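Since the structure comes first, as structure tokens, the remarks are kept for the end.
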Amino acid sequence: MADKPFTLVIFTSMSGHTEALARAIAEGAGQLRNTTAEVKRARDVTPDDIGRASALAFGSPTYFSYMSGELKMLFDEFLPYKEKFQGKPVIAFATGDGGQLKCIESIEGILESFGVDMVHRSDILTAGLAVQGMPDQKAKNQAVESGKKLADAGVCFVCRKATEEQGVTIGGEKPSM
566 MADKPFTLVI
576 FTSMSGHTEA
586 LARAIAEGAG
596 QLRNTTAEVK
606 RARDVTPDDI
616 GRASALAFGS
626 PTYFSYMSGE
636 LKMLFDEFLP
646 YKEKFQGKPV
656 IAFATGDGGQ
666 LKCIESIEGI
676 LESFGVDMVH
686 RSDILTAGLA
696 VQGMPDQKAK
706 NQAVESGKKL
716 ADAGVCFVCR
726 KATEEQGVTI
736 GGEKPSM
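Per the numbering used here, the sequence shown starts with residue 566, numbered consecutively.
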């Protein structure tokens, strides 16, 4: 894990729409004091990157209401490293011209099997960061706020892990976060 809470925003993009949303999420995550954020294309992510991160965001353009092959390949290749994902706060996001909710749900479904903590779970009423085309200012603002929330959850994750690893107790009981 990094020296200070670190949010990793992972994406795939051909048109630049998903990348713009990824950068807005990282902008928000980086606004929290004593945190950092980094944006990486899925093909450039390593298992060590996942291990260093205290929070993760995964984004994809929508292809036939599903995530990109590049992001799916990352999940397939990282299955042997799923312990690096466990308990970490995560969000999913998508851009496209339809089917974004199903795309996000496909990402969330895989992430749940990796044992993550979904910061926001999409459903029919709240699709989360599902954006039509290029993100407008409203969508970017929503992404910045989601990044802040994700980074905050990452700080809680780091504190919880440190407490567990050091066996810290408060009043005879381990604190819950």
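Virtual Cβ for every residue (Gly too), placed ideally from N, Cα, C.
Given the structure is predicted, the values throughout are model-derived calculations rather than measurements.
Beta strand (DSSP E) runs wholly inside the region 573-659, at least 3 long, in chain order
Counting only runs of 3 or more, we get 601-606 and 620-626.
Is residue 704 closer than 8 Å to residue 572 when the C-beta atoms are compared?
Position 7 of the sequence shown holds residue 572. Position 139 of the sequence shown holds residue 704. In this structure, residue 704 does not lie closer than 8 Å to residue 572 by Cβ.
To which residues does DSSP link residue 682 through a beta bridge?
Locating residue 682 in the sequence shown gives position 117, where the first residue counts as 1. Answer is 654, bridged to residue 682.
Can you name the start and end residues of the alpha helix (DSSP H) that residue 701 belongs to?
As a working mapping, residue 701 is identified with position 136 in the sequence shown. Note, residue 701: premise wrong, no alpha helix (DSSP H); not H, not E.
Pairwise C-alpha distance: residue 702 and residue 652:
In the sequence shown, counting from the first residue as 1, residue 652 sits at position 87. In the sequence shown, counting from the first residue as 1, residue 702 sits at position 137. Approximately 32 Å, taken between the alpha carbons.
Cβ pair count under 8 Å reaching 3, the region 676-687 against the region 574-589:
No: fewer than three Cβ pairs fall under 8 Å.
What separation, rounded to the nearest whole angstrom, lies between the Cα atoms of residue 666 and residue 675?
Here residue 666 refers to the residue found at position 101 when the sequence shown is read from its first residue. Here residue 675 refers to the residue found at position 110 when the sequence shown is read from its first residue. Answer to the nearest angstrom: the Cα atoms are 14 Å apart.
Does the region 609-616 come within contact of the region 720-729, defined as at least 3 CB pairs closer than 8 Å?
Result no; under three Cβ-Cβ pairs closer than 8 Å.
Tell me which same chain residues have a C-beta within less than 6 Å of the C-beta of residue 664, skipping the five on either side of it?
By one-based count along the sequence shown, residue 664 stands at place 99. Within its own chain, the residues whose Cβ lies closer than 6 Å to the Cβ of residue 664, once the five positions on either side in sequence are excluded, are 627 and 630, listed in chain order.
Burial state of residue 580 (16 or more Cβ within 10 Å)
Start at 1 with the first residue of the sequence shown, and residue 580 comes out as number 15. Classification of residue 580: exposed, given that the 10 Å Cβ count is below 16.
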